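Q:
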DNA sequence: TCAAAAGTGTTTGCTATACACCCATGA
DNA sequence: TCATGGGTGTATAGCAAACACTTTTGA
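Chains as they are written, first to last, in this note's numbering: chain F, 1 to 226; chain V, 1001 to 1226.
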C-alpha cells in the first residue's frame, strides 16, 4: 500500500523542517551530535538530527521531538539559530529548515539509534565528516554563535553537570575558546557573576589537593552579562 | 472563476511567509513602517509588510519583494530576526513566518499604497496601533535586537543619509537609546571607530555655527565592534 | 619527598565617564 | 548682542590583564 497525495492547496507550499546542532564537551573537545541517514537523499551520509514539522506542532517542540526520536537525547538547553531556506537546498522539494542549537552535559547523554537513523555519533567540531544538505554551513553558523555568546552570557554553564569544580569549568571554557586562561582571573570573573555557589563538598581526583565543588544557583537559566 | 486546489502532498504542509519590521528615524523618533490590510483575516487592521514565499524564491528575496510591492520601500539594510511558528498564529491555516528587520534612511522613503495594502504609514514605536496576527510580538523582538546591536555594532549608521553631521548622528543614537549622551564622549567614540570621514563641506542650519559634514567610509557595511 | 592540581592578591594599563568653555552664525 | 548648536581636552575611576607562590594530597 502506497500513500496517495491527500493534502491539497491552491498555491504550492514548501515543506518545513527543524535541524538541531547539539554541542557537548567530551575529553576537553567540543563535539557535535550527528546521525547517519538511513534513507534517501544522502543515504549513508552523516547529518544533523532533525525532521519535518507536524502540522500542529510548535517549532521548538518539533526540534526536541526529532532530537529525542533520532538520538535519545533529552533535557537540553535549546535556542533558535537561523532559518535556512535557499531554493535547492533539498533535492526532493522546497524545504525550509529552522535550525536550533543546543548545549548539553556530557554526563547526561542517553544515545540510541532509532528507526530514522542508522547510527548516532559525536564528532569533534574540528574533524567533521562530509555532511548531508547544507548542514556543514549550519554548523559553522552555530559554532560562531556559540563562541560569540560565551563572551556576553552564562551559556557555557549549560555544559556542566550537577556539581563541578572551577578547574573543570575552566577546562570547558578553554576547550570552547581554544586557548589557555589565567587561573586567578578566571576564578575571579566566574565568582563575580554570582551564578555558582560552593556545595561544601570536595572532589578528590588524583594525587593532589582536592577541589571544592560548586553548583549552579539557577540551573537552566542563561543570562546576558555586561 | 475560482481557483481549485492544484498542489497536493502526501503530508500536510504549512504555508511560509516573511514579515519585515522596517525602522526609521523621523523627527527624532524611532518609527516603524506599517500597512493597513485590505483583506481577511484582520481586514482593516494595521500589520507589518510581508507575504507568502514563492516556491522557488529565497527567503530574503521574498522579504524584499513584499516590502517593495506593498510599500515601495527599497534599498534597505535587511537582517533575519527570528522565525515565528506557533500553531494558531494565523486563523486560516498553519503559517510559519520568517521575520526580518530593516533599517532605512528617512530621506530615502518612496512610499506608496498598492493592491495588497490599503494604506501605508509610519508609526512611532511608542505609539503603535492594535496589530494583526502576532506582529506586536515581532516588533518587540525586533526592537530589543536593534537596541542590543547598537552597543556592539555600527548598525545605527544605516539610518544616516549620504552626508550628515555628528550632531545629527548623535540625535539618532539618542532617539534609539532614549537618553541624552555626552557630546564630547560621543564624538570621541564615533571617530575612534574610523568608519566616518569628513566630506570637507559644511552644513548651515540655523543661526549658529555651521557643522562639518561626514560620510560613511564603507556604506552598507555593518561591523561588529569590541 | 615528589608530582600535580588547588587555591589565593596586587600591580598596572586601558577604557569609559564626568565635566566647561569658546566659536561661528543668523536673527 | 544674543541665542543657538558646533567644536574641543583632561582628570578620574573602574575594569581587565599580567603575574608567582603556598597548600594538600596520593603515589
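Glycine included, C-beta positions come from ideal geometry on N, C-alpha and C. Small disclaimer: the values here were computed from a predicted structure and weren't measured.
For the ligand SAM, is there any heavy atom lying closer than 7 Å to the beta carbon of residue 1152 of chain V?
A: What this structure holds is no ligand at all, so the ligand SAM is not there to describe.
Q: Taking a contact to mean a Cβ-Cβ separation below 8 Å, would you say residue 83 of chain F touches residue 95 of chain F in this structure?
A: Start at 1 with the first residue of the first chain, and residue 83 of chain F comes out as number 83. Start at 1 with the first residue of the first chain, and residue 95 of chain F comes out as number 95. No, they are not a contact pair.
Q: Rank V:1209, V:1101 and V:1134 by C-alpha distance to the C-alpha of residue 1033 of chain V and give the top, closest one.
A: Along the second chain, one-based indexing puts residue 1033 of chain V at 33. Here the closest residue by C-alpha is V:1101.
Q: Could you check the C-alpha separation between residue 1212 of chain V and residue 1196 of chain V for me, to the nearest Å?
A: In the second chain, residue 1212 of chain V corresponds to position 212, counting from 1. In the second chain, residue 1196 of chain V corresponds to position 196, counting from 1. For residue 1212 of chain V and residue 1196 of chain V, the distance between alpha carbons rounds to 12 Å.
Q: Identify every residue that forms a DSSP beta bridge with residue 1035 of chain V.
A: As a position in the second chain, residue 1035 of chain V is number 35, starting the count at 1. Bridge partners of residue 1035 of chain V: V:1047 and V:1120.
Q: Give the residues from the stretch 40 to 70 of chain F that approach chain V closer than 9 Å (Cβ to any Cβ), ordered along the chain.
A: Against chain V - using a Cβ distance shorter than 9 Å - the residues of the stretch 40 to 70 of chain F are 52, 53, 54, 55, 56, 57, 58, 59, 60 and 62.
Q: Grab me the residues of residue 1013 of chain V's own chain with a C-beta within less than 7 Å of its C-beta, minus the 5 sequence neighbours each way, in chain order.
A: In the second chain, counting from the first residue as 1, residue 1013 of chain V sits at position 13. Here the set comprises nothing.
Q: Could you check whether residue 1025 of chain V and residue 1222 of chain V sit closer than 8 Å to each other, using their CB atoms as the reference points?
A: For the purposes of this step, residue 1222 of chain V is identified with residue 222 of the second chain, where counting begins at 1. For the purposes of this step, residue 1025 of chain V is identified with residue 25 of the second chain, where counting begins at 1. The answer is no: Cβ separation not under 8 Å.
Q: Measure the C-alpha to C-alpha separation of residue 1201 of chain V and residue 182 of chain F and round it to an integer number of angstroms.
A: As a first step, residue 1201 of chain V must be located in the second chain, where it is residue number 201. As a first step, residue 182 of chain F must be located in the first chain, where it is residue number 182. Taking the straight line from one Cα to the other gives about 50 Å.
Q: Answer yes or no: does any C-beta atom of chain F fall closer than 8 Å to that of residue 1139 of chain V?
A: Along the second chain, one-based indexing puts residue 1139 of chain V at 139. Chain F, which has no Cβ nearer than 8 Å to the Cβ of residue 1139 of chain V, makes this no.
Q: Is the distance from the Cβ of residue 64 of chain F to the Cβ of residue 124 of chain F below 8 Å?
A: Position 64 of the first chain holds residue 64 of chain F. Position 124 of the first chain holds residue 124 of chain F. For residue 64 of chain F and residue 124 of chain F, no; Cβs fall outside 8 Å.
Q: Measuring straight from C-alpha to C-alpha, what distance separates residue 215 of chain F and residue 153 of chain F?
A: One-based indexing of the first chain puts residue 215 of chain F at position 215. One-based indexing of the first chain puts residue 153 of chain F at position 153. Those two C-alpha atoms are separated by around 17 Å.
Q: Assuming residue 11 of chain F contacts residue 1042 of chain V under a Cβ cut-off of 8 Å, what Cβ separation, rounded to an integer in Å, is found between them?
A: For the purposes of this step, residue 11 of chain F is taken as the residue at position 11 of the first chain. For the purposes of this step, residue 1042 of chain V is taken as the residue at position 42 of the second chain. Rounded, the Cβ-Cβ distance is 19 Å, inconsistent with contact.
Q: Spatial neighbours of residue 1144 of chain V within its chain, please: C-beta separation below 6 Å, excluding the five flanking residues on both sides.
A: If you number the second chain from 1, residue 1144 of chain V lands on position 144. Nothing listed; no residue qualifies.
Q: As a quick exercise: from V:1072, V:1217, V:1192 and V:1135, pick the residue whose alpha carbon is nearest that of residue 1160 of chain V.
A: Along the second chain, read from residue 1 onward, the residue named residue 1160 of chain V stands at position 160. Answer by Cα proximity: V:1217.
Q: To the nearest angstrom, report how far apart residue 1225 of chain V and residue 1027 of chain V are at their CA atoms.
A: Sequence index remark: in the second chain, residue 1225 of chain V carries index 225 (1-based). Sequence index remark: in the second chain, residue 1027 of chain V carries index 27 (1-based). Taking the straight line from one Cα to the other gives about 28 Å.
Q: By the DSSP assignment, the alpha helix (DSSP H) with residue 1170 of chain V in it spans what residues?
A: Numbered from its first residue, the second chain carries residue 1170 of chain V at position 170. From DSSP, the alpha helix (DSSP H) with residue 1170 of chain V extends over 1166 to 1177.
Q: Given a cut-off of 8 Å on the beta-carbon distance, is the pair residue 1087 of chain V and residue 58 of chain F in contact?
A: Indexing the second chain from 1 puts residue 1087 of chain V at position 87. Indexing the first chain from 1 puts residue 58 of chain F at position 58. Closer than 8 Å, so yes.
Q: Do residue 35 of chain F and residue 79 of chain F have their C-beta atoms within less than 8 Å of each other?
A: Your numbering for residue 35 of chain F matches position 35 in the first chain. Your numbering for residue 79 of chain F matches position 79 in the first chain. Cβ atoms of residue 35 of chain F and residue 79 of chain F: not closer than 8 Å.
Q: At the 8 Å Cβ level, is residue 1190 of chain V part of the contact set with chain F, yes or no?
A: One-based indexing of the second chain puts residue 1190 of chain V at position 190. No, because no Cβ of chain F sits closer than 8 Å to the Cβ of residue 1190 of chain V.
Q: Whose Cβ in chain V lies nearer than 9 Å to the Cβ of residue 251 of chain F?
A: The shown model of chain F, from 1 to 226, leaves out residue 251 of chain F, and the question about it has no answer.
Q: Taking 8 Å as the CB-CB cut-off, is residue 82 of chain F touching chain V?
A: For the purposes of this step, residue 82 of chain F is identified with residue 82 of the first chain, where counting begins at 1. Closer than 8 Å to some Cβ of chain V, the Cβ of residue 82 of chain F qualifies, so yes.
Q: Is it true that the CB of residue 9 of chain F sits closer than 8 Å to the CB of residue 1005 of chain V?
A: Reading the second chain from its first residue, position 5 is the one you call residue 1005 of chain V. Reading the first chain from its first residue, position 9 is the one you call residue 9 of chain F. For residue 1005 of chain V and residue 9 of chain F, yes; Cβs fall inside 8 Å.
Q: What do you reckon, are the CB atoms on residue 135 of chain F and residue 47 of chain F nearer than 8 Å?
A: Taking the first chain and counting its residues from 1, one reaches residue 135 of chain F at position 135. Taking the first chain and counting its residues from 1, one reaches residue 47 of chain F at position 47. The answer is yes: Cβ separation under 8 Å.
Q: Can you tell me where the beta strand (DSSP E) holding residue 19 of chain F begins and where it ends?
A: To locate residue 19 of chain F, count along the first chain from 1; it is residue 19. Residue 19 of chain F -> beta strand (DSSP E) spans 15 to 26.
Q: What residue does the beta strand (DSSP E) around residue 1084 of chain V start on, and which one ends it?
A: For the purposes of this step, residue 1084 of chain V is taken as the residue at position 84 of the second chain. Here the beta strand (DSSP E) through residue 1084 of chain V covers 1077 to 1084.
Q: I want to see whether chain F comes within less than 8 Å of residue 1094 of chain V, judged by CB atoms only; does it?
A: The residue given as residue 1094 of chain V occupies position 94 in the second chain. Taking Cβ atoms only, chain F reaches closer than 8 Å to residue 1094 of chain V, which makes this a yes.
Q: Along the alpha helix (DSSP H) that carries residue 1070 of chain V, what are the first and last residues, could you check?
A: Within the second chain, numbered from 1, the residue matching residue 1070 of chain V stands at position 70. First-last of the alpha helix (DSSP H) with residue 1070 of chain V: 1059 to 1071.
Q: Look at the Cβ atom of residue 155 of chain F, then the Cβ atom of residue 21 of chain F, and state whether they are nearer than 8 Å.
A: In the first chain, counting from the first residue as 1, residue 155 of chain F sits at position 155. In the first chain, counting from the first residue as 1, residue 21 of chain F sits at position 21. No.
Q: Please list, in chain order, the chain V residues whose beta carbon lies closer than 9 Å to that of residue 142 of chain F.
A: On the first chain, residue 142 of chain F is found 142 positions in, with the first residue counted as 1. Per Cβ cutoff of 9 Å: no residues; residue 142 of chain F is ~15 Å from chain V at best.
Q: Would you list the residues sitting across from residue 29 of chain F in a DSSP beta bridge?
A: For the purposes of this step, residue 29 of chain F is identified with residue 29 of the first chain, where counting begins at 1. Bridge partners of residue 29 of chain F: F:26.
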